[in-house]
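Notes follow the structure.
Number of protein chains: 2
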Amino acid sequence: METYFKEAIELDKKDKLSHFKNHFVNDEQVIYFDGNSLGKLPKKTIEVTTDLVQNQWGNRLIRSWNENWMDLSFKLSKKIASLVGAQPDEIFIGDSTSLNLYKLVFAALKANKDKFEVVSDSLNFPTDLYVLQGMIENHFNKHTLKLLNTKDGLTIDNDTLQNTISAKTALITLSYVTYKSSFKYNMKQVNELAHKNNSFIIWDLSHATGAVPVKLNESNADMAVGCTYKYLNGGPGSPAFLYVKKELQQQLLNPIWSWFSHKKPFDFDLNYKASNSIQKFGIGTPSILSLAAIEPGLDILLDAGISNLRAKSVQQSTFLLELIENELLPLGFTIASPIEAELRGSHISIQHAEGYRINRAMIAPKDDSKIIIPDFRPPNNIRLGIAPLYNSFTELCETIERIKNIVLTKEYENFGLEKLEVT
Amino acid sequence: METYFKEAIELDKKDKLSHFKNHFVNDEQVIYFDGNSLGKLPKKTIEVTTDLVQNQWGNRLIRSWNENWMDLSFKLSKKIASLVGAQPDEIFIGDSTSLNLYKLVFAALKANKDKFEVVSDSLNFPTDLYVLQGMIENHFNKHTLKLLNTKDGLTIDNDTLQNTISAKTALITLSYVTYKSSFKYNMKQVNELAHKNNSFIIWDLSHATGAVPVKLNESNADMAVGCTYKYLNGGPGSPAFLYVKKELQQQLLNPIWSWFSHKKPFDFDLNYKASNSIQKFGIGTPSILSLAAIEPGLDILLDAGISNLRAKSVQQSTFLLELIENELLPLGFTIASPIEAELRGSHISIQHAEGYRINRAMIAPKDDSKIIIPDFRPPNNIRLGIAPLYNSFTELCETIERIKNIVLTKEYENFGLEKLEVT
Chain R
519 METYFKEAIE
529 LDKKDKLSHF
539 KNHFVNDEQV
549 IYFDGNSLGK
559 LPKKTIEVTT
569 DLVQNQWGNR
579 LIRSWNENWM
589 DLSFKLSKKI
599 ASLVGAQPDE
609 IFIGDSTSLN
619 LYKLVFAALK
629 ANKDKFEVVS
639 DSLNFPTDLY
649 VLQGMIENHF
659 NKHTLKLLNT
669 KDGLTIDNDT
679 LQNTISAKTA
689 LITLSYVTYK
699 SSFKYNMKQV
709 NELAHKNNSF
719 IIWDLSHATG
729 AVPVKLNESN
739 ADMAVGCTYK
749 YLNGGPGSPA
759 FLYVKKELQQ
769 QLLNPIWSWF
779 SHKKPFDFDL
789 NYKASNSIQK
799 FGIGTPSILS
809 LAAIEPGLDI
819 LLDAGISNLR
829 AKSVQQSTFL
839 LELIENELLP
849 LGFTIASPIE
859 AELRGSHISI
869 QHAEGYRINR
879 AMIAPKDDSK
889 IIIPDFRPPN
899 NIRLGIAPLY
909 NSFTELCETI
919 ERIKNIVLTK
929 EYENFGLEKL
939 EVT
Chain H
519 METYFKEAIE
529 LDKKDKLSHF
539 KNHFVNDEQV
549 IYFDGNSLGK
559 LPKKTIEVTT
569 DLVQNQWGNR
579 LIRSWNENWM
589 DLSFKLSKKI
599 ASLVGAQPDE
609 IFIGDSTSLN
619 LYKLVFAALK
629 ANKDKFEVVS
639 DSLNFPTDLY
649 VLQGMIENHF
659 NKHTLKLLNT
669 KDGLTIDNDT
679 LQNTISAKTA
689 LITLSYVTYK
699 SSFKYNMKQV
709 NELAHKNNSF
719 IIWDLSHATG
729 AVPVKLNESN
739 ADMAVGCTYK
749 YLNGGPGSPA
759 FLYVKKELQQ
769 QLLNPIWSWF
779 SHKKPFDFDL
789 NYKASNSIQK
799 FGIGTPSILS
809 LAAIEPGLDI
819 LLDAGISNLR
829 AKSVQQSTFL
839 LELIENELLP
849 LGFTIASPIE
859 AELRGSHISI
869 QHAEGYRINR
879 AMIAPKDDSK
889 IIIPDFRPPN
899 NIRLGIAPLY
909 NSFTELCETI
919 ERIKNIVLTK
929 EYENFGLEKL
939 EVT
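Here the protein sequences come in this chain order: R and H.
Each residue of the first sequence is one higher than the one before, starting from 519 at the first, in our numbering.
Each residue of the second sequence is one higher than the one before, starting from 519 at the first, in our numbering.
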């Protein structure tokens with residue numbers, strides 16, 4: 519490991535993004551590789567939420583709706599838009615990722631009404647599949663959900679895409695970067711395949727935005743959803759976003775009619791008239807505290823630049839894979855992410871028969887070892903989420919050394935097999 | 519006015535709830551009668567949100583899901599339950615009021631599938647009607663929405679209820695306290711009428727909870743929704759709640775399938791299995807910042823006691839009506855709320871041809887008069903929301919005196935007729 523540590527120190531010295539770590543609240547006893555699940559707290563967010571609570575709510579009270587809150591999501595839309603390669607008037611911010619997916623799936627199936635096949639994949643985040651299952655069961659009742667199958671357990675190959683997507687396909691919905699293996703699709707190619715077959719396509723960007731360049735307009739994507747609490751560092755359960763390409767906005771309809779999607783909500787008219795803008799996908803009053811908290815994280819990302827972040831992430835994940843190959847494979851680990859950088863996002867999954875207990879030991883060391891926080895996904899994946907904004911090369915070495923140690927000393931045997939509620 | 523001021527000072531002295539005002543952030547230059555739109559900031563909420571952001575998110579990061587956040591909504595459910603006369607396992611907290619109404623309307627129409635009339639009223643908050651209109655248009659397409667008509671513009675009488683609700687009625691959805699006139703239904707009586715006709719009933723409690731005793735179990739209500747940012751003082755756009763009576767929970771189904779309503783979300787199973795509990799009405803990851811902020815407001819209400827609050831609210835609104843009758847009617851105002859206390863909630867609406875500009879002048883005085891914040895609802899209603907937790911009798915006198923002054927000096931002529939975005 520010594521050579522790797524030396525190399526890591528050199529790489530950290532050369533890293534032009536290393537100072538961005540100072541924008542976050544850090545604990546020197548903790549190495550955090552779970553920014554793909556809940557991003558760190560930007561220091562500036564403390565200021566923003568304090569002002570929001572004490573000044574905007576406490577002092578200005580209802581007046582803040584006109585002074586700050588009605589425009590808040592529009593202001594944030596611009597920032598999200600530039601992260602995902604879209605126009606500000608193509609982005610709505612609010613609600614949860616699942617709910618936004620529900621709105622768009624409904625809209626797409628209603629608009630593409632003469633076709634009855636929906637395509638997703640077996641690598642998708644399960645809740646996206648639940649949304650599709652519920653949509654078919656509760657609202658349409660004549661569609662079939664086809665899942666693209668993975669041959670290697672990690673990726674979906676081109677043949678499978680070509681053989682499954684057909685002129686019968688009404689809608690394709692996929693995660694751009696999959697949650698477990700980190701497999702990343704070729705967005706442009708799949709969009710072309712969708713459009714060639716007159717299918718709509720919806721991308722879930724949750725595991726991609728903020729870590730991987732996303733080019734919705736350039737790749738001609740129809741629709742997308744994504745969360746803001748992972749690489750965007752927006753806070754626990756922060757509001758999600760939704761994208762609809764400009765030329766589709768007229769024909770796509772939100773199934774949930776409510777005042778925040780009304781053309782003139784404060785006329786209190788008894789009849790619904792949908793907004794013409796992307797705001798037509800709104801529902802109820804936005805959760806202002808959670809919404810305001812996402813801005814500092816967006817500013818940091820835009821400042822660092824998404825292509826710089828991607829370059830560092832690729833360099834880090836490549837370095838990590840080399841470490842894993844040389845240090846962990848001999849200990850019974852396997853790599854559960856694609857090796858080729860172009861085929862993956864910013865997290866790396868590794869598997870071990872004792873994966874769950876190893877992950878527990880990393881988080882709760884029995885001695886004065888640093889706390890290392892990855893997460894665990896069944897059946898035996900440890901996910902190491904690299905957040906290039908605040909993770910260093912040295913932390914990668916420390917993590918691998920610690921895992922080796924846990925396995926060699928069987929420290930994991932201190933933990934039971936029963937799962938915590940959130941893993 | 520002098521006699522009224524004297525009386526008010528006496529009443530304030532005798533008021534056993536007056537010290538509760540100290541639990542809130544107050545500005546002595548502002549009289550706030552808009553707690554029925556956005557409640558004040560409890561001082562304790564500053565502590566709670568600071569701890570949430572800096573400690574739970576900043577320091578504990580992802581570990582907080584197991585340590586605090588997974589149980590948060592259950593903990594709050596108990597408190598909401600005791601405010602609305604329900605059991606904790608009948609309350610789900612999360613999402614917006616409109617979205618919760620959407621879930622329940624869908625569930626009710628699906629369960630009561632052989633009847634095709636939906637009843638609401640023309641006094642209802644428009645977004646509730648939008649939800650119904652969208653539901654019929656997008657999902658069912660064979661229902662008729664019938665609106666109970668008001669004869670006096672303020673209330674719905676018994677004859678109208680009896681003549682409109684019939685064996686054809688599948689669902690009734692009403693605001694317990696209506697947003698404009700403050701009319702309050704007899705919940706028990708309407709529930710009986712609904713059940714006699716084999717109809718479901720959903721109550722919107724937004725303008726009632728925290729100001730009026732709500733007895734969901736005792737009155738045998740089927741379902742309810744409500745917001746937490748008005749009399750509950752939960753903060754701008756804070757999460758809403760939803761109630762489903764225990765014996766209906768099995769048959770009623772959430773149309774939006776997602777991981778937070780799954781039986782075992784962290785198994786990441788590819789197939790959806792709905793939770794058996796009230797959590798079946800969840801959708802995506804809850805907005806933790808907004809959710810955590812509602813607890814201090816609930817604690818204050820429970821401490822004050824809802825029947826004490828109602829008693830004070832009735833005393834205050836009766837006093838206010840007397841003031842209005844004697845001081846404002848001669849100036850061209852009319853009362854747009856029921857006179858009988860039993861028929862109204864905690865806000866009083868008054869109308870004046872110059873209502874909008876008078877309301878603007880109250881909020882933005884040109885001299886050193888106190889800022890008085892009511893709100894405005896078209897066409898010409900000024901709403902005075904009495905929050906018995908922090909409003910005094912003296913403030914009522916000051917408000918009426920100020921309104922008189924604005925009208926007599928025509929101070930409102932300083933303002934234009936064009937409306938602000940949020941009124």
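Beta carbons are placed, not taken as given, at the ideal position from N, Cα and C, and that holds for glycine.
Collapsing the DSSP output to three states places G652(R) in a helix. For the pair Y790(R) and I876(R), the CB atoms are not nearer than the 8 Å cut-off. The beta strand (DSSP E) runs of length 3 or more contained entirely in the stretch 533-617 of chain R are, from start to end of the chain, 548-550, 609-611. Residues of chain H whose Cβ lies closer than 7 Å to the Cβ of I801(R) are, in chain order, S614, S616, L617. In this structure, K748(H) is the residue among L849(H), K748(H), P757(H), Q767(H) with its C-alpha nearest to the C-alpha of A905(H). For T941(R), the nearest CB of chain H lies under 8 Å from its own CB, placing it at the interface with that chain. What H780(H) touches in chain R, judged by beta-carbon distance under 7 Å, is Y648, going in chain order. Non-local C-beta neighbours of L841(R) in its own chain, meaning closer than 8 Å and more than five positions away in sequence, comprise Y522, L914, C915, I918, ordered along the chain. Of all C-beta pairs linking the stretch 614-632 of chain H to the stretch 579-591 of chain R, fewer than three are shorter than 8 Å, placing the two stretches out of contact. Taking each of F894(R), H870(R), Q869(R) in turn and checking the Cα distance to I881(R), the smallest one comes out for F894(R).
Chain-order list of chain H residues neighbouring M741(R): empty, with the shortest C-beta distance near 17 Å, by a criterion of under 9 Å.
At least one C-beta of chain H is nearer than 8 Å to the C-beta of S808(R).
For L938(R), the neighbours in chain H by C-beta distance under 7 Å run, in chain order, N584.
In the displayed model, G873(R) falls within a helix according to three-state DSSP.
Residue state for G815(H) is assigned as helix, using DSSP reduced to three classes. Considering only beta carbons, no part of the stretch 702-736 of chain R lies closer than 9 Å to chain H.
If you compare the alpha carbons of E936(H), W583(H), F551(H), F610(H) with that of P757(H), the shortest gap goes to F610(H). Within the DSSP bridge table, the entry for A792(H) names H780(H) as partners. The beta-carbon of P804(R) is placed less than 8 Å from the nearest beta-carbon of chain H. For the 8 Å CB-CB criterion, N899(H) and A871(H) do not form a contact.
Around the C-beta of S699(H), 16 or more other C-beta atoms lie within 10 Å, and the residue is accordingly described as buried. In the DSSP assignment, S867(R) forms a beta bridge with R901(R). For F911(H), the enclosing alpha helix (DSSP H) begins and ends at 911-926. Listed along chain H are L579, each with a C-beta nearer than 7 Å to that of Y550(R). Contact between D722(R) and G755(R) is ruled out by a C-beta separation of about 17 Å, above the 8 Å threshold.
In the same chain as L650(H), and ignoring 5 residues on each side of it, the C-beta atoms closer than 8 Å to its own belong to V623, V636, S638, L663, T691, in chain order. Among the residues facing chain H, R875(R) is not included, as its CB has no counterpart in that chain under 8 Å away.
Residue environment: A685(R) is assigned as exposed (fewer than 16 neighbouring CB atoms within 10 Å of its CB, all protein chains considered).
Close to chain R, meaning a Cβ-Cβ distance shorter than 8 Å, are the following residues of the stretch 745-770 of chain H: C745, Y747, G753, P754, G755, S756, P757, A758. Using a Cβ-Cβ cut-off of 9 Å, D677(H) is close to nothing in chain R; its nearest Cβ partner there is about 22 Å away. Looking at the DSSP output, Y761(R) bridges to I609(R), A742(R). S825(H) and F799(H) have their alpha carbons spaced roughly 30 Å apart.
Listed by position along chain H, the residues whose Cβ is nearer than 7 Å to that of D545(R) are N577. Of the candidates T727(H), I921(H), G823(H), G823(H) places its Cα closest to the Cα of F538(H).
When DSSP states are grouped into helix, strand and coil, A629(R) belongs to the helix group.
Here the stretch 530-545 of chain H makes no contact with the stretch 726-742 of chain H; the two share fewer than three CB pairs at distances below 8 Å.
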